[in-house]
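Asks: My structure is below; once you've seen it, I'll send some questions.
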Amino acid sequence: MKRFQKKIQWDRYGLVLALFVWCILITILEPVFISSTNLFNVLRQISIVSVIAVGSFLVILSGGIDLSVGSVTALSGVVAAIVMKNLNMPVYMGIICGIIAGSFIGSLNGLMVTKIKIPPFIATLITMNFAKGLAFIFTDGTPVSGLSSTFIFIGRGYIWFIPFPIIIMLFIYVVAAYVMKKSRFGLRVYGIGGNIEAVRLSGVQVLKYLFSVYLLSGAFSGMAGVILASRLNSGSPNVGASFVFTAITAVVLGGTSLMGGEGRIMRVLLGSVFMGTISNALNLLNVPSYYQLVANAIILLIAMIIDVQAKRIK
Amino acid sequence: MNNHEVKIKKPFIELKSITKHFGGIYALREISLDIYKGEILALVGDNGAGKSTLIKILSGAYTADNGEIFIDEAKVSIESPRDAKQYNIETIYQNLALMDNLDIPSNIFIGRELFKSRILKFLKIVDYKKMTGETESVLGKLNVKIKNLHEKVFNLSGGQRQAVAISRTIYFNAQVIIMDEPTAALGVEETRKVYDLVLELKKRGVAVIIISHNINEIFDVADKIAVLKNGLLVGVKEKKNTTINEILKMIIVGDSELRR
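Residue numbers (my numbering), protein chains in the order written: chain A, 40 to 353; chain B, 43 to 302.
Rendered as structure tokens:
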């Protein structure tokens, strides 16, 4: 019994503890790590993928997967940039159109999964290529650069001393955490991840919820795309290839079960921070960036081993 | 049964000539059955006899290809689980249809959550506190004791899970409760408790339909026994006018009258 209780505690605090130990370790190797400038850097770097990860979390929680997020991010940034630069529309239209573009691809995912019953893995693989293709077609392969200074503020600005993208990220996480914990939507998505048939038999229109989850994932990728375009000062079709991997790793590292129904949104943020500190540490230690991919792969592997083990114990 | 009796007690649900086929195979053929309030009807038959199909039609999981359903003498169509719930027909499925990852109140209320009315209504903020309180009182009514209501359903015993499933139907004023193999996964003691719950439901005037493989067990608790075989209704017997042996014979051989 005592050992069982210890297990639960480890479940709850394992990630925090690991992150803590890891941070101490890097600080010993490279004290610059712990400086506030660097820590803000880490948070700013993860802000884009963290926003994507909220959507990935919802989809995974419902028992699905969304592979299209990286391409959707690129497409949304491209659409936002074109709307502002080529069509001379105001900044807010650029932002709205970017998010709509993401939501549009998300709704295609939702339709394929709920109406045609294509497995999420394949449905989102289809849109992954579709969205990427659109991004290249719209731009003819060249980034749309030189955006207005108002727009640039989203990705580069500061409020007092805090980078603006960090504020956006934290705001989204707080709202998402509240919705998932308190609202009917949250309860039902958790339920669907646990036993979709049971929720359906309880009289809930589950397909409507599944659709929303994919739509939202697209919308969050759209927001990320807008932030990224602002940060890069250009809408580029070439970005985002690594995002899907990083986002899913953050979600799984945060303890979300790939089977659906288990997970907490704030732990996803923690997972994302962990990923951020790892790539930051490798940079500080002058490890060539190619090793980054291998490191990420190993982290996802470890996270999956923990996930599978946890289920076996149950 | 004479005419006088029929006048006093009308069936709550009448199934008339219900037929269902999957592809070319008939799962149900012309099934007509009456269901009364405060009565426990056992539905028995071999595997593939059509018991599950029949209750799924009543609970909205399937729709019948042919036939009519009357509730309180009004013709109705039950096209989805939602419709069935509107007519106060609740079903407890064999696999229990619970969400293992959620706690007890969430399992009871999902699909019909209680909301906080003070906070902006359109946000649909779930009132977990109120749901927990209601859960406590409905479990109390059924004499079910579960220490921690916020335990995930995954961690409950088979009997406790069954109790959660039953409470869910009671809370929402079920007039007909359909139970598919309610004791299949239970031990002796827990089985007895579940049948106590069933008798409690009967006392409250609920119509209970139970599917079971265990004839001995069901014979103790049922008022009427309906036997299905190969999608046909072999017959409906009042318990007081029949024996276990006769029922077994009907299950295995089918009623000779129908065969001719």
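In this text, a Cβ means the ideal position worked out from N, Cα and C, and glycines have one as well.
Because the structure is a prediction, the values reported are computed rather than measured.
Given a cut-off of 8 Å on the beta-carbon distance, is the pair Ile91(A) and Ala286(A) in contact?
Replies: yes
Asks: State the Cα-Cα distance for the pair Leu57(B) and Thr166(A), rounded to the nearest angstrom.
Replies: A straight-line Cα-Cα distance of about 48 Å links Leu57(B) and Thr166(A).
Asks: Pull up the distance between the alpha-carbon of Ser119(B) and that of Ile113(B), whole angstroms please.
Replies: 10 Å
Asks: In chain A, which residues lie less than 9 Å from Asn143(B) when you measure between Cβ atoms?
Replies: Neighbours of Asn143(B) on chain A, chain order: Tyr229, Gly230, Gly232, Gly233, Asn234, Ser296, Gly299, Gly300 and Glu301.
Asks: On the DSSP bridge list, what partners appear for Lys271(B)?
Replies: Leu274(B)
Asks: Are Gly279(A) and Val183(A) closer than 8 Å when you measure CB to CB?
Replies: no
Asks: How many angstroms separate the CA atom of Met132(A) from the CA atom of Lys247(A)?
Replies: 28 Å
Asks: Please report the distance separating the alpha-carbon of Phe200(A) from that of Thr76(A).
Replies: 10 Å
Asks: Taking its Cβ as the centre, do 16 or more other Cβ atoms sit within 10 Å of Ile298(A), making it buried, or is it exposed?
Replies: The question names Ile, but residue 298(A) in the sequence shown is Met. Looking at its Cβ environment, which holds fewer than 16 other Cβ atoms inside 10 Å, Met298(A) is exposed.
Asks: When the Cα of Arg71(B) is compared with those of Leu181(B), Arg246(B), Leu270(B) and Ser122(B), which residue comes out closest?
Replies: Leu270(B)
Asks: For Leu64(A), collect the residues of the same chain with a Cβ closer than 7 Å to its Cβ; drop the 5 residues on either side in sequence, then sort them by chain order.
Replies: none
Asks: Skipping 5 residues on each side, what residues in its chain have a beta carbon closer than 7 Å to that of Met292(B)?
Replies: Only residues of its own chain outside the window of five on either side were considered, and among them Val269, Val276 and Gly277 have a CB closer than 7 Å to the CB of Met292(B), listed in chain order.
Asks: If you follow the beta strand (DSSP E) that Phe112(B) is part of, which residue opens it and which one closes it?
Replies: Asn108 to Ile113
Asks: Mind checking Gly182(B): buried by the 16 CB within 10 Å criterion, or exposed?
Replies: When all chains shown are included, Gly182(B) counts as exposed.
Asks: Establish whether the CB of Arg83(A) and some CB of chain B are separated by less than 8 Å.
Replies: no
Asks: At the 8 Å Cβ level, is Gly103(A) part of the contact set with chain B, yes or no?
Replies: no
Asks: Could you list which residues in chain A have their beta carbon closer than 7 Å to that of Ile167(B), in chain order?
Replies: Lys221 and Ser222
Asks: Would you mind listing the alpha helix (DSSP H) stretches within the segment 187-215 of chain B that are 4+ residues and don't spill past its ends, in chain order?
Replies: Qualifying alpha helix (DSSP H) stretches, in chain order: 200-213.
Asks: For Val238(A) and chain B, any beta-carbon pair shorter than 8 Å?
Replies: Using a CB distance cut-off of 8 Å, Val238(A) counts as an interface residue toward chain B.
Asks: Starting from the C-beta of Val347(A), find all residues in its chain whose C-beta is less than 8 Å away, skip the five residues before and the five after it, and write them out in chain order.
Replies: none
Asks: So that I know if they touch, is there some Cβ in chain A lying closer than 8 Å to that of Arg124(B)?
Replies: Yes, Arg124(B) lies at the interface with chain A (some Cβ there is under 8 Å from its Cβ).
Asks: Counting only Cβ pairs nearer than 8 Å, list the residues of chain A close to Lys172(B).
Replies: What Lys172(B) touches in chain A: nothing, since even the nearest Cβ is about 13 Å away.
Asks: Assuming Met221(B) is part of the beta strand (DSSP E), what are its boundary residues?
Replies: Val218 to Asp222
Asks: Rounded to the nearest angstrom, what separates Met43(B) and Ile286(B) at their Cα positions?
Replies: With a pLDDT of only 44 at Met43(B), under 50, the local geometry of the prediction cannot be trusted, and the value read off the model is given with reservation. Roughly 22 Å between the two C-alpha positions.
Asks: For Ala148(A) and Ser59(B), I'd like the C-alpha separation in whole angstroms.
Replies: In the sequence under discussion, the amino acid at residue 148(A) is Asn, which differs from the Ala named in the question. Approximately 42 Å between the Cα atoms of the pair.
Asks: Counting contacts by CB-CB distance shorter than 8 Å, is Ser32(B) in contact with chain A?
Replies: This structure leaves residue 32(B) out entirely; chain B is present only between 43 and 302.
Asks: Can you tell me where the alpha helix (DSSP H) holding Lys93(B) begins and where it ends?
Replies: Element bounds for Lys93(B): Lys93 to Ser101.
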